[in-house]
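J.:
2 protein chains.
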Amino acid sequence: MASSYELCCRECGKRYENQPLSICDECFSPLEVRVDLDAAKKTVTRESIAQGPTNMWRYQALLPVPDDYVPQTPAGWTPLVKAPRLAGRIGAKNLYIKNDAVCMPTLSFKDRVVAVALANAQRFGFDTVGCSSTGNLANSVAAQAARLGLKTYILVPADLEAAKILNTQVYGANLIRIDGNYDHVNRLSSQIADRFSWGFVNVNLRPYYAEGSKTVGFEIAEQLSWRLPDNVVVPMAGGSLITKIRKAFKELIALGLVDAKDVRFFGAQATGCSPIARAVKTGADHIEPQRPSTIARSLAIGNPADGIYAAKAIRESGGWAEDVSDVEVVSGIQELAETEGIFTETAGGVTTAVTARLYAHGRIKPDELTVTCITGNGLKTTDVLAGAYEQSEAIRPRLTDFENYINEIKELNELVSGGVDVR
Amino acid sequence: MASSYELCCRECGKRYENQPLSICDECFSPLEVRVDLDAAKKTVTRESIAQGPTNMWRYQALLPVPDDYVPQTPAGWTPLVKAPRLAGRIGAKNLYIKNDAVCMPTLSFKDRVVAVALANAQRFGFDTVGCSSTGNLANSVAAQAARLGLKTYILVPADLEAAKILNTQVYGANLIRIDGNYDHVNRLSSQIADRFSWGFVNVNLRPYYAEGSKTVGFEIAEQLSWRLPDNVVVPMAGGSLITKIRKAFKELIALGLVDAKDVRFFGAQATGCSPIARAVKTGADHIEPQRPSTIARSLAIGNPADGIYAAKAIRESGGWAEDVSDVEVVSGIQELAETEGIFTETAGGVTTAVTARLYAHGRIKPDELTVTCITGNGLKTTDVLAGAYEQSEAIRPRLTDFENYINEIKELNELVSGGVDVR
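Sequence lines, in order, name chains A and B.
For the first sequence, the UniProt record's numbering begins at 1 and goes up steadily by one.
For the second sequence, the UniProt record's numbering begins at 1 and goes up steadily by one.
Right, here's the structure in full:
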């Protein structure tokens with residue numbers, strides 16, 4: 001390798017050095033980045049990583065950015081927290097949450113991939129960047145590009161949640177609403193990237209972009225004191241994240257930073273858009289595209305770019321995939337908030353509900369060390385909870401009014417449950 | 001001292017050991033926590049702190065929690081980022097943002113104070129906790145109490161932003177809307193805490209709670225490689241935060257962790273609720289309560305509990321206070337987002353606009369190392385941006401439609417500016 005990393009075709013292996021390209025011109029398969037692990041092995045140790053910044057750039061030597069790249073945006077290094085109260089509710093005993101609902105800077109795991117993509121956009125000399133997005137990616141590209149002073153064009157399905165639209169426009173990005181679903185938007189983005197020579201993070205910069213997801217896996221391992229979990233539960237939209245966490249674990253093993261271990265991977269989708277889960281469940285060797293219909297709009301990709309690789313990763317690992325209804329998605333959001341104080345968006349509701357089902361069906365055993373990946377923040381999809389909570393009447397600011405209010409709640413609770421707990 | 005910290009009266013100095021109490025029974029002045037710095041000096045070093053977790057609990061030895069306390073929620077350790085593009089716009093040269101818009105777990109600096117308050121609620125044996133809140137505190141108490149399995153009663157003004165209400169209810173908290181402003185809510189909370197023997201984080205636990213804000217100051221110093229800035233700009237609601245950042249710097253000097261330096265403190269308020277800024281500007285020795293009327297509802301405290309101490313801290317330090325209109329608040333939000341990719345709530349709009357004015361008026365010199373404290377996330381106050389951005393018509397997913405759209409923008413921009421930059 002001329003550099004410490006380069007593009008290769010995933011299927012035929014053709015090498016491309018480094019350029020803004022995502023499809024092999026020989027066999028039309030997707031390209032991916034290969035990092036020179038032999039070279040990395042000489043310099044990357046647990047100690048060298050610990051001396052890095054407390055963000056995803058502590059793993060810079062394992063990411064496809066130039067050696068002399070100076071990161072501009074702290075991203076990642078989100079908490080891995082034990083989840084004893086959620087575990088108690090769903091029959092788990094050793095459950096952790098990887099909480100990218102508080103990922104910096106824009107509250108989803110997309111901040112990781114965008115950070116790597118924009119580093120490469122700058123390297124390749126693009127002054128205009130863009131993406132097709134179901135929302136979180138839009139937020140992250142708009143925010144990080146603003147800080148870098150890049151011009152931004154972002155394409156989204158016209159029916160996107162209001163909070164995700166505002167959280168893109170506020171950074172000064174050009175937001176273009178497309179009359180269609182994500183798959184339409186994505187196809188158009190490919191044409192635009194070609195026609196205008198812009199850096200589209202999930203089109204011509206996609207191989208670099210996708211590597212950013214490895215940092216979720218690196219962090220999980222480091223935060224578990226450099227060991228791998230038994231199981232990981234991951235939401236699936238395009239299908240890339242689950243494959244990259246697996247790649248991260250394999251790289252850590254190859255580098256000797258963790259002991260070898262066969263981690264099982266479990267994929268989570270909403271039933272209204274479950275092409276990858278379907279393929280896993282039916283054992284199909286291809287992905288049957290679907291027309292998405294779910295409130296989990298950040299996962300609503302009917303024709304997932306990495307679907308086939310996600311299904312393969314799950315199967316090879318001995319894992320499984322599940323999908324849940326929109327009602328279960330809302331319950332999942334509430335359950336995670338009530339037990340662990342983590343407010344996630346619809347995608348996290350999917351992952352939480354799927355995790356519960358995997359325990360219920362015995363796919364995951366209670367004692368196994370399991371990590372569930374929460375990938376976005378609940379403040380972005382508040383519309384799905386509209387009507388879930390009664391807006392009680394305001395009371396006057398007097399102690400007697402408050403006492404009356406409390407007594408009413410108590411009586412109500414006694415009526416309902418026979419108990420006296422007013423909560 | 002019997003413990004490594006204890007309550008003392010701020011005015012008469014009477015000592016109270018440790019108990020849920022906030023007012024001196026001798027002179028009716030507020031109590032505050034004094035940490036035994038002589039004892040801390042023997043164990044706390046830059047190295048011991050660096051070996052702690054990457055959250056605010058790395059400063060546990062300087063916070064009023066029992067020595068054997070095991071933190072349950074990672075909070076704090078937010079980025080301190082250089083802000084070159086914002087600096088360029090407002091005539092600064094050495095400006096940093098302390099970004100608590102991404103504070104864990106609920107996206108405001110209140111996560112810091114709640115973490116310390118709830119540790120003490122548990123220590124004192126409360127099974128029910130609560131607060132009066134303008135929103136951010138409600139979110140944080142609800143989330144952190146959920147994770148600890150505590151019952152929660154939260155009182156808010158009836159007209160609070162929808163996102164802040166939902167982001168409290170989702171955790172299962174009892175939310176009580178009060179027909180009045182924050183000052184009414186706060187008075188009622190004091191009566192409730194007495195009557196029900198509950199742990200109200202900003203009433204009977206207030207001295208402990210307030211100490212959590214010191215971690216903003218500790219982090220700023222550590223992130224500047226253990227030195228103090230020349231100036232700090234801080235939003236003011238109750239007035240506590242600015243005094244505690246100052247206290248943090250003084251403690252670090254006393255511990256020998258940073259060189260002594262006179263840091264100037266600058267306070268930021270919205271004109272529609274500016275009792276502390278007014279006192280600073282007029283040189284008054286007391287705070288004249290105001291009836292709040294501003295979109296910056298998280299700062300809308302007309303009778304600030306620590307107002308007099310905030311004004312004193314500002315004056316003693318040689319700083320100043322400013323207040324800005326609601327229109328400037330919205331511009332401040334947009335300016336920070338467009339230049340640095342940070343989306344803050346109204347309070348952050350206040351702080352950004354005040355910072356700009358302090359440079360414009362020569363109160364802060366361009367070369368001085370200045371830190372502006374952004375304390376909450378823009379997704380919580382999206383309503384103030386309603387109407388700020390045009391919702392353009394959706395276009396069909398075809399390249400020709402996109403090209404037409406781009407040409408229209410270009411023509412529009414040329415008309416408006418005579419330029420060709422389509423952004």
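Cβ coordinates follow ideal geometry from the N, Cα and C atoms, glycine included.
None of these values were measured; they are calculated from a predicted model.
#1: Below 7 Å CB to CB, which residues in the same chain sit around V278/A once its five sequence neighbours on both sides are set aside?
#2: In terms of residues, what are the limits of the alpha helix (DSSP H) holding P84/A?
#3: Near residue 457/A, what residues of its chain come up, given a Cβ to Cβ distance below 8 Å and the 5 sequence neighbours on each side ignored?
#4: Give the list of continuous alpha helix (DSSP H) stretches no shorter than 4 residues that lie fully inside the stretch 77–146 of chain A.
#5: If you reduce the DSSP assignment to three classes, tell me which class G217/B lands in.
#6: When you compare only the Cα positions, how much space is there between N139/B and V280/B?
#7: Could you please tell me which residues of the stretch 323–350 of chain B, in chain order, have their CB closer than 9 Å to any CB of chain A?
#8: For a minimum of 4 consecutive residues, which ranges assigned as the alpha helix (DSSP H) are wholly contained in the stretch 7–78 of chain A?
#9: Thinking C-alpha only, which one of D111/A, S133/A, N120/A and K151/A is nearest D127/A?
#10: Quick check: what's the CA-CA separation for A311/B versus K365/B?
#11: In chain B, what lies closer than 7 Å to R291/A by C-beta?
#12: Would a C-beta distance cut-off of 8 Å place P304/B and N181/B closer than the cut-off?
#13: Is the CB of D179/A under 8 Å away from at least one CB in chain B?
#14: Going by beta-carbon coordinates alone, are residue 437/B and A146/B separated by less than 8 Å?
#15: Between the C-alpha atoms of G387/A and A296/A, what's the straight-line distance to the nearest angstrom?
#16: Looking at the secondary structure, which residues open and close the beta strand (DSSP E) in which D323/A lies?
#17: Given this structure, state the Cα-to-Cα distance separating I165/B from C373/B, to the nearest angstrom.
#18: Of all Cβ atoms in chain A, is any one closer than 8 Å to the Cβ of Y69/B?
#19: Using the Cα positions of S132/A and L415/B, report the straight-line distance between them to the nearest angstrom.
#20: Output, in chain order, the set of chain A residues within a Cβ distance shorter than 8 Å of T45/B.
#21: Do you know whose CA, among S274/B, L257/B, A313/B and A162/B, lies nearest V232/B's CA?
#22: Spell out a yes or no on whether the stretch 72–80 of chain A and the stretch 43–57 of chain A are touching, meaning 3 or more CB-CB pairs, one atom from each, closer than 8 Å.
#23: Quick one, which residues of the stretch 82–105 of chain B are near chain A if we go by CB-CB under 7 Å, in chain order?
#24: Are the CB atoms of I276/B and G267/B nearer to each other than 8 Å?
#25: Going by C-alpha distance, which of T294/A, I242/A and L336/A is nearest I90/A?
#26: Per the contact definition of three or more C-beta pairs closer than 8 Å, is the stretch 37–46 of chain A in contact with the stretch 10–25 of chain A?
#27: Could you work out which residue in I406/B, A50/B, T215/B and V113/B is closest to Y209/B when comparing CA atoms only?
#28: Which residue from E17/A, D111/A and V330/A puts its Cα closest to that of G349/A?
#29: Just confirm the distance between the C-beta atoms of S189/A and L224/A, as a whole number of angstroms; I'd bet it's less than 8 Å.
#30: Closer than 7 Å by C-beta to L369/A: which residues in its own chain qualify, once you throw out the five before and the five after it? Chain order, please.
#31: What three-state label does DSSP hand R291/B in the structure shown?
#32: Who are the neighbours of P74/B on chain A, taking C-beta pairs under 8 Å?
#33: Tell me, to the nearest whole angstrom, how far the beta carbon of K247/A is from that of K214/A; I am working on the premise that it is less than 8 Å.
#34: Within 10 Å of its beta-carbon, does N407/B have 16 or more other beta-carbons around it, so buried, or fewer, so exposed?
#35: Straight-line CA distance for A360/B to T271/B?
#36: Following the continuous alpha helix (DSSP H) through Y171/B, name the residue where it begins and the one where it ends.
T.: This is what the structure gives:
#1: The sequence given here places Arg at residue 278/A; Val does not occur at that position. For R278/A, where only same-chain residues beyond five positions count, the Cβ hits under 7 Å are E288.
#2: Its alpha helix (DSSP H) spans residues P84 to I90.
#3: Residue numbering for chain A in the displayed model covers 1 to 423; residue 457/A lies beyond these limits and cannot be assessed.
#4: The stretch 77–146 of chain A contains these whole alpha helix (DSSP H) runs: 84–90 and 110–123.
#5: Looking at G217/B - three-state DSSP - the assignment turns out to be helix.
#6: Those two C-alpha atoms are separated by around 31 Å.
#7: Within the stretch 323–350 of chain B, the qualifying residues are I333, Q334, A337, E338, T339, E340, G341, I342 and F343.
#8: Entirely contained in the stretch 7–78 of chain A, the alpha helix (DSSP H) runs reaching 4 residues are, in chain order, 37–43 and 46–50.
#9: Comparing alpha carbon positions, the residue from D111/A, S133/A, N120/A and K151/A closest to D127/A is K151/A.
#10: Each residue's alpha carbon lies about 21 Å from the other.
#11: Neighbours of R291/A on chain B: none; closest Cβ ~14 Å, over 7 Å.
#12: No, they are not a contact pair.
#13: True, the Cβ-Cβ gap to chain B drops below 8 Å.
#14: A question about residue 437/B goes unanswered here, because the residues of chain B that appear run from 1 up to 423.
#15: It is roughly 17 Å from the alpha-carbon of G387/A to the alpha-carbon of A296/A.
#16: Counting along the chain, the unbroken beta strand (DSSP E) around D323/A starts and ends at W320 to V324.
#17: Taking the straight line joining both Cα atoms gives about 24 Å.
#18: Output row for Y69/B: interface = no.
#19: Rounded to the nearest angstrom, the two C-alpha atoms are 29 Å apart.
#20: Neighbours of T45/B on chain A: none; closest Cβ ~18 Å, over 8 Å.
#21: Taking V232/B as reference, the option from S274/B, L257/B, A313/B and A162/B with the minimal CA-CA separation is A313/B.
#22: Verdict: yes, contact present.
#23: Near chain A, meaning a CB-to-CB distance below 7 Å, the residues of the stretch 82–105 of chain B are R85, V102, M104 and P105.
#24: G267/B sits close to I276/B, with the two beta carbons spaced by under 8 Å.
#25: Residue nearest to I90/A within the set T294/A, I242/A and L336/A is L336/A (criterion: CA-CA distance).
#26: Output reads no: the stretch 37–46 of chain A does not touch the stretch 10–25 of chain A.
#27: Looking at I406/B, A50/B, T215/B and V113/B, the one whose alpha-carbon comes closest to that of Y209/B is V113/B.
#28: Just measuring C-alpha positions, the residue of E17/A, D111/A and V330/A sitting nearest G349/A is V330/A.
#29: S189/A to L224/A, Cβ: 37 Å. No contact.
#30: By the criterion of a C-beta distance shorter than 7 Å, L369/A is surrounded in its chain by N94, P229 and D230, once the five residues flanking it on both sides are discounted.
#31: R291/B falls in the coil class under three-state DSSP.
#32: Annotation: Cβ neighbours of P74/B in chain A (cutoff 8 Å, chain order): P79 and V81.
#33: So it is a contact: roughly 6 Å between Cβ atoms.
#34: Answer is exposed; the Cβ neighbour count stays below 16.
#35: Approximately 18 Å, taken between the alpha carbons.
#36: For Y171/B, there is no enclosing alpha helix (DSSP H), as DSSP gives it neither H nor E.
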